[in-house]
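Residues in the sequence shown are numbered from 79 upward in steps of one, following the working numbering. What follows is a single structure, written as structure tokens, with notes after it.
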Amino acid sequence: MEDLGDEFDFIQLRGGGEILGRAMLSDAQPGDQYVDAPLEIWGKKIWFFEIRQDRQRRGYGSEFIRMLCERYCGIPLFAYASDDDATGFWASLRWNRYDVIESERHWSSPLFISK
Numbered sequence: 079m080e081d082l083g084d085e086f087d088f089i090q091l092r093g094g095g096e097i098l099g100r101a102m103l104s105d106a107q108p109g110d111q112y113v114d115a116p117l118e119i120w121g122k123k124i125w126f127f128e129i130r131q132d133r134q135r136r137g138y139g140s141e142f143i144r145m146l147c148e149r150y151c152g153i154p155l156f157a158y159a160s161d162d163d164a165t166g167f168w169a170s171l172r173w174n175r176y177d178v179i180e181s182e183r184h185w186s187s188p189l190f191i192s193k
């Protein structure tokens, strides 16, 4: 992994001289529109996370997340799932899932927070 940022942490997953994945994180708190979400925590929000298309569904995403959790040991990581594929990925990590409160249903992205 290689950190390329200042305010944001821009991190690359590299292997064999190639960029296999990228992530962008920053210090943040989860939003208050989620049922039972721990609003008081500060952690690292994952703004952007991707694995190179030809390497997807081969374990690189899970390994990259494991490495990020190791890097930020003791700091919760969290992400908002933007679509069904992302929801499936974050759910596969067995992170804590929080759904949007009823009054905010126009905002439908579930929140996932690392354990």
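Built from N, CA and C at the ideal position, the CB exists for glycine as well. All values reported here derive from a predicted model rather than from experimental measurement.
Pair within 7 Å by beta-carbon distance, P108 and A115: By the CB criterion at 7 Å, P108 and A115 fall inside the cutoff.
Contacting residues, own chain, Cβ-Cβ under 7 Å from T226 (five flanking each side not counted): Outside the displayed span of the chain (79 to 193) sits residue 226, for which this structure offers no information.
Rounded C-alpha distance that separates R128 from R136: The sequence as given places Glu at residue 128; Arg does not occur at that position. The straight-line gap from Cα to Cα measures roughly 13 Å.
Among I179, W173, E96, nearest to F190 - alpha-carbon criterion: Of the listed residues, the one whose Cα sits closest to F190 is W173.
Sheet register partners of E128 (DSSP bridge): DSSP output for E128 lists R100 as bridge partner(s).
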